[in-house]
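Worksheet: one structure, shown below.
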DNA sequence: GTCAATGATTGTGTATACAAGAAATTGATT
DNA sequence: AATCAATTTCTTGTATACACAATCATTGAC
């Protein structure tokens, strides 16, 4: 439990939302949450406001908080921005790569290779996340890293859905290979281009996403 | 006064920070703010937490809130991300331009021409903002537009400083011209490139920024 | 039978009270 | 005179209480 109850609650409720325990559209009653977590309404309200700022819930004045249910086109837009930011991170990483970042990327890439080879999509989901985070860090831009992490967190559930799509695991990993090559070769523009393609949702992948969203 | 006191306070305090009434590094005492605005501590705390989420202040547990004083390199990083997002907005705008957006961009561009011609940097500061906002809207990506607006707001004070630099007004406007041409010609990649250059801080403009920051 | 109006209920918005931690001040000791 | 410890004060973190707005149900009219 973090140093203050509000932040702890934020993480708790955020996890509950991301794990779909609190479904999109569901109303979050302050009093119910307060009793559930054994605290008063005050820190609950704090947590809700933070989640509102992150964009996970919406607080309508005098009408309470509801879990946001983004339309498919909005998720597409979010991936579009994510692709752009990751592209920038990749290009900076390629230009600024040092031994430490190189080692981190290599290590994460190896773990992806193992989980992809084993066809373990849950493991790959985690390793893939670490791989991308390693690139954010390698950009050596703290602000960019923060922005990427924040958006990544918001998109996490959908990234997971994407991995369920047929062949996505091996496709994803082979794309990783080309990205690593470009970064290690110091080819910033190529890394940018590859990451944009890798992260963005082009063509049929959009309908795959919509299908997997409505399927649940 | 907005529908709830918390949001109103957020705007009030935000303006006070952006207008340098609350200087970077300054401590924001909840009780002082509460009495100043004639409310209780509760909505003040709400406002502070929202400002914390935006990134304008930092709340250290049990030690209160202070106005963030970003290091120059961090502001540079923020402009770097802003340039990327605006570039994306421009490229999308070029591809998706409709009559309405075209009219909005043209109108804002004309106003920039007038204020730049008059050498009125305060007017240009405002018109320039509208010009950029018109491009965000023309991207037809609500999420991207929101992200751009948010980052734009955080960088607003520094954009203003930049305009003070010698010749920046006319340089800025001539860059606008090329951007408008590219967007209206449907040349997305050119619009992206031009906007990246226009918004980003390359070379000597970084030292200009640092100089104007330390000068105040 | 449907729609509108009014009252009851529920839940948010704000204020205040209380608890706990951090900073500051004062006193003592070296 | 300077430094360290203890105590006090001040500020934040949390809980509770109260007021008011929104929703829902019930009742009455058309």
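Chains as they are written, first to last, in full-length UniProt numbering: chain U, 1 to 216; chain G, 1 to 216. Beta carbons are placed, not taken as given, at the ideal position from N, Cα and C, and that holds for glycine.
Any chain G beta carbon closer than 9 Å to residue i
i: residue 179 of chain U; result: no
i: residue 273 of chain U; result: The structure shown does not extend to residue 273 of chain U, since chain U is modelled only from 1 to 216, so the question has no answer here.
i: residue 77 of chain U; result: yes
i: residue 84 of chain U; result: yes
i: residue 4 of chain U; result: yes
i: residue 141 of chain U; result: yes
i: residue 49 of chain U; result: yes
i: residue 202 of chain U; result: no
i: residue 61 of chain U; result: yes
CB contact check: residue i to chain U, cutoff 9 Å
i: residue 87 of chain G; result: yes
i: residue 45 of chain G; result: yes
i: residue 40 of chain G; result: no
i: residue 30 of chain G; result: no
i: residue 53 of chain G; result: yes
i: residue 100 of chain G; result: no
i: residue 81 of chain G; result: yes
i: residue 147 of chain G; result: yes
i: residue 9 of chain G; result: no
i: residue 144 of chain G; result: yes
Burial state of residue i (16 or more Cβ within 10 Å)
i: residue 127 of chain G; result: buried
i: residue 78 of chain U; result: buried
i: residue 141 of chain G; result: buried
i: residue 144 of chain U; result: buried
i: residue 188 of chain G; result: buried
Inter-residue Cα distance where the pair is residue i and residue j
i: residue 23 of chain G; j: residue 131 of chain G; result: 29 Å
i: residue 16 of chain G; j: residue 105 of chain U; result: 43 Å
i: residue 211 of chain G; j: residue 80 of chain G; result: 19 Å
i: residue 111 of chain G; j: residue 176 of chain G; result: 12 Å
i: residue 19 of chain G; j: residue 124 of chain G; result: 18 Å
i: residue 116 of chain U; j: residue 159 of chain U; result: 15 Å
i: residue 6 of chain U; j: residue 62 of chain U; result: 21 Å
i: residue 194 of chain G; j: residue 44 of chain G; result: 42 Å
i: residue 217 of chain G; j: residue 172 of chain G; result: Past the edges of chain G, shown from 1 to 216, lies residue 217 of chain G, and the structure says nothing about it.
i: residue 204 of chain U; j: residue 166 of chain G; result: 50 Å
i: residue 31 of chain U; j: residue 69 of chain U; result: 22 Å
Three-way DSSP call (helix, strand, coil) for residue i in this model
i: residue 27 of chain U; result: strand
i: residue 68 of chain G; result: coil
i: residue 21 of chain G; result: coil
i: residue 74 of chain G; result: helix
i: residue 57 of chain G; result: strand
i: residue 111 of chain G; result: helix
i: residue 202 of chain U; result: coil
i: residue 97 of chain U; result: coil
i: residue 102 of chain G; result: helix
i: residue 191 of chain G; result: helix
i: residue 141 of chain U; result: coil
i: residue 207 of chain G; result: helix
i: residue 166 of chain G; result: coil
Under 9 Å between C-beta atoms of residue i and residue j
i: residue 82 of chain G; j: residue 53 of chain U; result: no
i: residue 137 of chain G; j: residue 91 of chain G; result: no
i: residue 33 of chain G; j: residue 57 of chain G; result: no
i: residue 86 of chain G; j: residue 180 of chain G; result: no
i: residue 169 of chain G; j: residue 119 of chain G; result: yes
i: residue 97 of chain U; j: residue 38 of chain U; result: no
i: residue 184 of chain U; j: residue 107 of chain U; result: no
i: residue 65 of chain G; j: residue 10 of chain G; result: no
i: residue 133 of chain U; j: residue 149 of chain U; result: yes
Proximity test, residue i beta-carbon vs the ligand SAM heavy atom, cut-off 8 Å
i: residue 97 of chain G; result: The ligand SAM is not part of this structure, which contains no ligands at all.
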